[in-house]
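Only one structure is covered here, and it is reproduced in the block below.
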Amino acid sequence: MLKYIFKRILSSIVVVLGVVTITFFIARVLPSNPEVKWAGQRATPEQLEAARIELGLDKPLPQQYLLYLGDLLHGDLGKSLRTHQPVALELKRYIPATLELVLLAFLLAVVIGIPLGIYSAKKKDRMLDHVSRFFSIGAVSLPTFWVALFLQLIFYKILGLLPIGGQISVEATIFQSVPKITGLLLLDCLITGKFALLHDAFLHIILPCITISLYPIGLVARMTRSALLEILGEDYITAGRSYGLRDGKMLWKYALKNSLGTTATDVALSMGYTLTDTFLVEAIFAWPGIGSYIASAVTSLDYPAIIGVTLFGASCYIILNLLADIIIASDPRVRL
Amino acid sequence: MKKLLSIALVLVLALGLLAGCGSSSGSGAASSDSAPAADTKILYHVHTTTPYVTLDPSTEYSNGMMVLQNVYETLTHYNPETGEVDPMLATSWTANEDGTVWVFQIRDDVDFHDGSHLTAQQVVNSLKRSMDLGQGGAYVWDAVLEDNGGSIEATGEYEVTITCGWSTAVDLVASAAYASYIMSDSVIDQDVSWFNEGHDGGSGPYTIAQANGDSVVLKAFEDYRGGWTDDQYKNVIIREVAESSARRQMLETGEAQISSDLSATDLEALEAQPDKVHIVKAETFNNIIMFINTAVEPGSNADFRRALAYAYPYDEVVSSVLNGSGEQSIGTVPSGLWGHSDDVFHYTFDMDKAKEYLDKSGVDTNGLKLTVTYSTGDDTYASALQLYQVNLRQLGIDLELKSMEWDQQWAQAQNTDPADRQDLFLFIWWPDYADPSSWFQSVLHSEDEIVYNLSYISDPQLDALIDEAVELTATDREGAEARYIEAQQILAEQAYYLNLYDQVHNYVVSNTVQGVAENPAYSYTVDYYQVTAK
Numbered sequence: 060m061l062k063y064i065f066k067r068i069l070s071s072i073v074v075v076l077g078v079v080t081i082t083f084f085i086a087r088v089l090p091s092n093p094e095v096k097w098a099g100q101r102a103t104p105e106q107l108e109a110a111r112i113e114l115g116l117d118k119p120l121p122q123q124y125l126l127y128l129g130d131l132l133h134g135d136l137g138k139s140l141r142t143h144q145p146v147a148l149e150l151k152r153y154i155p156a157t158l159e160l161v162l163l164a165f166l167l168a169v170v171i172g173i174p175l176g177i178y179s180a181k182k183k184d185r186m187l188d189h190v191s192r193f194f195s196i197g198a199v200s201l202p203t204f205w206v207a208l209f210l211q212l213i214f215y216k217i218l219g220l221l222p223i224g225g226q227i228s229v230e231a232t233i234f235q236s237v238p239k240i241t242g243l244l245l246l247d248c249l250i251t252g253k254f255a256l257l258h259d260a261f262l263h264i265i266l267p268c269i270t271i272s273l274y275p276i277g278l279v280a281r282m283t284r285s286a287l288l289e290i291l292g293e294d295y296i297t298a299g300r301s302y303g304l305r306d307g308k309m310l311w312k313y314a315l316k317n318s319l320g321t322t323a324t325d326v327a328l329s330m331g332y333t334l335t336d337t338f339l340v341e342a343i344f345a346w347p348g349i350g351s352y353i354a355s356a357v358t359s360l361d362y363p364a365i366i367g368v369t370l371f372g373a374s375c376y377i378i379l380n381l382l383a384d385i386i387i388a389s390d391p392r393v394r395l
Numbered sequence: 432m433k434k435l436l437s438i439a440l441v442l443v444l445a446l447g448l449l450a451g452c453g454s455s456s457g458s459g460a461a462s463s464d465s466a467p468a469a470d471t472k473i474l475y476h477v478h479t480t481t482p483y484v485t486l487d488p489s490t491e492y493s494n495g496m497m498v499l500q501n502v503y504e505t506l507t508h509y510n511p512e513t514g515e516v517d518p519m520l521a522t523s524w525t526a527n528e529d530g531t532v533w534v535f536q537i538r539d540d541v542d543f544h545d546g547s548h549l550t551a552q553q554v555v556n557s558l559k560r561s562m563d564l565g566q567g568g569a570y571v572w573d574a575v576l577e578d579n580g581g582s583i584e585a586t587g588e589y590e591v592t593i594t595c596g597w598s599t600a601v602d603l604v605a606s607a608a609y610a611s612y613i614m615s616d617s618v619i620d621q622d623v624s625w626f627n628e629g630h631d632g633g634s635g636p637y638t639i640a641q642a643n644g645d646s647v648v649l650k651a652f653e654d655y656r657g658g659w660t661d662d663q664y665k666n667v668i669i670r671e672v673a674e675s676s677a678r679r680q681m682l683e684t685g686e687a688q689i690s691s692d693l694s695a696t697d698l699e700a701l702e703a704q705p706d707k708v709h710i711v712k713a714e715t716f717n718n719i720i721m722f723i724n725t726a727v728e729p730g731s732n733a734d735f736r737r738a739l740a741y742a743y744p745y746d747e748v749v750s751s752v753l754n755g756s757g758e759q760s761i762g763t764v765p766s767g768l769w770g771h772s773d774d775v776f777h778y779t780f781d782m783d784k785a786k787e788y789l790d791k792s793g794v795d796t797n798g799l800k801l802t803v804t805y806s807t808g809d810d811t812y813a814s815a816l817q818l819y820q821v822n823l824r825q826l827g828i829d830l831e832l833k834s835m836e837w838d839q840q841w842a843q844a845q846n847t848d849p850a851d852r853q854d855l856f857l858f859i860w861w862p863d864y865a866d867p868s869s870w871f872q873s874v875l876h877s878e879d880e881i882v883y884n885l886s887y888i889s890d891p892q893l894d895a896l897i898d899e900a901v902e903l904t905a906t907d908r909e910g911a912e913a914r915y916i917e918a919q920q921i922l923a924e925q926a927y928y929l930n931l932y933d934q935v936h937n938y939v940v941s942n943t944v945q946g947v948a949e950n951p952a953y954s955y956t957v958d959y960y961q962v963t964a965k
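Chains A and W supply the protein sequences, listed in that same order.
Heads up, the first sequence is in the numbering used here, so the first residue is 60 and it goes up one at a time.
Heads up, the second sequence is in the numbering used here, so the first residue is 432 and it goes up one at a time.
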């Protein structure tokens, strides 16, 4: 098992290196003038020359690539051409907000999606199953931006119950400082006992979280249902029932346990999808996460920032894949 | 035990949700843990972009002006009503006859936010910092660089002498929105990261309390020499809300008080709610021009260029595309800035004249295709160009619209082979301080190496007029103005490029506040100190 994990980690490193290489060269062969982005739209020729030297653009591309890799080993992702700030520092600033949103959405997906899938399977072809399937299909199919705008209209404009966007009311932060311990605002407020801020942050996360979690909820519910139905049709379940074991026990103890491998893989991968899906939702809800950062980076071809975010996204996918593989591998029926 | 814990957790969460929904008024404001400060009035400005790229007063060359102008001060400040610069940190100034040596008297009653006192030496250190870093708008101080024969020194406790390598209107330069801020000595050695963490070293009415990337919180500098009244706002939030519809909703619910750059639909909807909001129109010094590639045929043909100029639908674009966010340009210098004249010749839409000049030019339009480039993501540009495309088709010219990033457009316009450059290039320009020389020196004067003269104008008569005007700015403003007007007449007659429109910013302002205005020399900047509650 350890050997398997070690091998998977090694291959993951190769994948990361591939991602860095491809992104670096694609970003650099696109028609773009990094020195103009660095020195500004109205830079003088002297400022442009100084920028070329500062960014190392006077060196051949392969050398620039090797220098970039060298810096990367030291955790240096270069400086953003737009903001002149270290990309690593900026990612550190924006990632926690995104992570908080995704983790909570992920939690909702598990807490709502799995029970929904179970009950749907249990009550197959009955009213509850139909309702659950209708909801799941709707959740997976509805365009995220539409859901976001719809929720804003209902809960902000019409009902006036929830804020339209942002992570916290800036008004609330004027009179008291925002705790910064883990970077996850809800957790930090909870740790420091700042309940007024916690309450405010909680209100802010509701709408974006619902928007983001709809897709994984639907996906997890559908996957759980189909995996469970398949297992419920197995002979050993029929055998168990014929021995007189209670339906509940059969479902929760024998069937569900065996279907969780598939569900876990789906949940892990849907989290990766959720992470990229959140970028659009962040823009609509003015959520101060990595979404608006990557949007600005892409539209301005800020290649150090693009590579930084791509690396982050790819790493998340790889780690989640790795986790899914380990979960599957821990099933004794799977031969490594 | 586990069950109990789970039930407790679910209960806590459910109670939190219920409590949250019940008490929120839609503003999302939380009640405070601690007792709020004495003045809790908040002015909330939602903007389409982030309010800054950096907060370094020496190097920021972007939106950050909307923050920095409220936090830092300059020696002089442009007054749009008089068209002159007023004293700010300087009380008075004198210049020698040829405008190369300037002596500024500095106020003796200015304190910085860190408590230190302003002296002439801090003015010198601040401006030297901008010049040494040499980024952003620092080039406005080029005449003062030692390499160019200039110098800056404190010649008294409250007196600064600035020597320039050539005649320069330093009173205007000192009012620039970039690279001219005066800061406390304590921040001179700090780098951009320090400033971006929300620190500042200014002497303006506000200090930076928080900088969060997408938002900035300003708090009143209680010891500001102008003092504070009860109806002023001591807390200001400037926050990015990219979606126009979201900004509109925030104005409608009263959560935000100021916004601009709303979509035509949202602006129209808000205009229809005079009980809640009012519109403040702000003329700007930003204008849109369309370069013509005059280095190759057919752009090198003056009559062909005139045909292009007559075919542009100026009125239609202003009325149906800009919806109040622009006025047709008359000349190159925008209305309101010295050097502007309503008498300068300007083109109007006239297809008959366009056809007449096209015939006169002798250009064969059979299969003629022109390419125009414009900035990615700007719907206004695209809509205006589509109207132009229809008109040119009537002349037998096929116009191809290409949306590109600025640096890609610029690189193409600088291509060593003129035939590979775009035929037309939509371009926005604004001055770094209230001086028309920004257009004439950078965009219209002939260049050895192509930088911004992207119509590739090379006209000795024009160059001579521009050089004289720049030279006279410091010593004979009227003489300089007359030359700029004459130059604009030549430029229009030759139609080297098309003057399309001057931008107008539409601010939507809550009826609960008054005093919102934008100074055209400081684009997108609202002087929050002048804003009061009704």
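Even for Gly, the Cβ is constructed at its ideal location relative to N, Cα and C.
Closest option to residue 244 (chain A), judged by alpha-carbon separation, among A:212, A:165, A:347: A:347. The residue from W:775, W:829, W:874 with its alpha-carbon nearest to that of residue 841 (chain W) is W:874. Interface criterion not met: the Cβ of residue 123 (chain A) is under 7 Å from no Cβ in chain W. At a beta-carbon threshold of 8 Å, the residues of chain A lying near residue 668 (chain W) are 229, 230, 233, ordered along the chain. DSSP, read as helix, strand or coil, puts residue 666 (chain W) in strand. Within the same chain, 796 come within 6 Å of residue 827 (chain W) by CB-CB distance, once the 5 residues on both sides are set aside. Chain A has a Cβ within less than 7 Å of the Cβ of residue 838 (chain W). In the same chain as residue 498 (chain W), and ignoring 5 residues on each side of it, the C-beta atoms closer than 6 Å to its own belong to 482, 483, 647, in chain order.
Restricting attention to alpha helix (DSSP H) runs no shorter than 4 residues, the region 610-671 of chain W encloses them at 623-627, ordered along the chain. Residue 656 (chain W) counts as exposed, since fewer than 16 other C-beta atoms from the protein chains shown sit within 10 angstroms of its C-beta. Contact with chain A is absent for residue 952 (chain W), since none of that chain's Cβ atoms lies less than 7 Å from the residue's Cβ.
Ranked by Cα distance from residue 511 (chain W), the options W:671, W:898, W:715, W:610 are led by W:715. Chain A places a beta carbon closer than 7 Å to that of residue 646 (chain W), counting this residue as a contact. Residue pairing from DSSP places residue 963 (chain W) in a beta bridge opposite W:663, W:945. Contact with chain A is absent for residue 704 (chain W), since none of that chain's Cβ atoms lies less than 7 Å from the residue's Cβ.
The continuous stretches of alpha helix (DSSP H) do not include residue 835 (chain W), which lies in the beta strand (DSSP E) extending over residues 829-835.
Residue 612 (chain W) does not reach chain A, its nearest Cβ partner there being about 17 Å away, counting only Cβ pairs nearer than 9 Å.
The Cβ atoms of residue 777 (chain W) and residue 940 (chain W) do not sit closer than 7 Å to each other. Spanning the alpha carbons of residue 571 (chain W) and residue 803 (chain W) requires a straight line of approximately 31 Å. The beta carbon of residue 516 (chain W) sits no closer than 7 Å to any beta carbon of chain A. Considered as a whole, the region 276-314 of chain A harbours 294-301 as its complete alpha helix (DSSP H) runs of no fewer than 4 residues, in chain order. DSSP places residue 491 (chain W) outside any beta strand (DSSP E), giving it a letter other than H or E.
Annotation for residue 366 (chain A): the continuous alpha helix (DSSP H) segment containing it runs 362-388. Between the alpha carbons of residue 260 (chain A) and residue 214 (chain A) lies a gap of roughly 16 Å. Residue-level contact check: residue 267 (chain A) does not touch chain W, since none of the beta carbons of chain W fall below 7 Å from its beta carbon.
Annotation for residue 508 (chain W): the continuous beta strand (DSSP E) segment containing it runs 507-510.
Residue 225 (chain A) has its alpha-carbon roughly 32 Å from the corresponding atom of residue 322 (chain A). Check the Cα spacing between residue 808 (chain W) and each of W:835, W:800, W:788, W:801: the tightest is with W:835. If the five residues before and after residue 179 (chain A) are omitted, its C-beta is found closer than 6 Å to the C-beta atoms of 188, 191, 284, all from its own chain and listed in chain order.
As computed with DSSP, residue 477 (chain W) is found in a beta bridge with W:670, W:690. When the beta-carbon positions are compared, residue 959 (chain W) and residue 501 (chain W) come within less than 7 Å of each other.
Residue range 855-860 is occupied by the beta strand (DSSP E) that includes residue 860 (chain W). When secondary structure is reduced to three states using DSSP, residue 851 (chain W) falls in the helix class.
Annotation: residue 870 (chain W) has no Cβ neighbours in chain A at a cutoff of 9 Å; minimum Cβ distance is about 12 Å. Close CB contacts of residue 850 (chain W) within its chain, under the 8 Å cut and outside five residues either way in sequence, are with 727 (chain order). Residue 477 (chain W) places its beta carbon 7 Å or farther from that of residue 640 (chain W).
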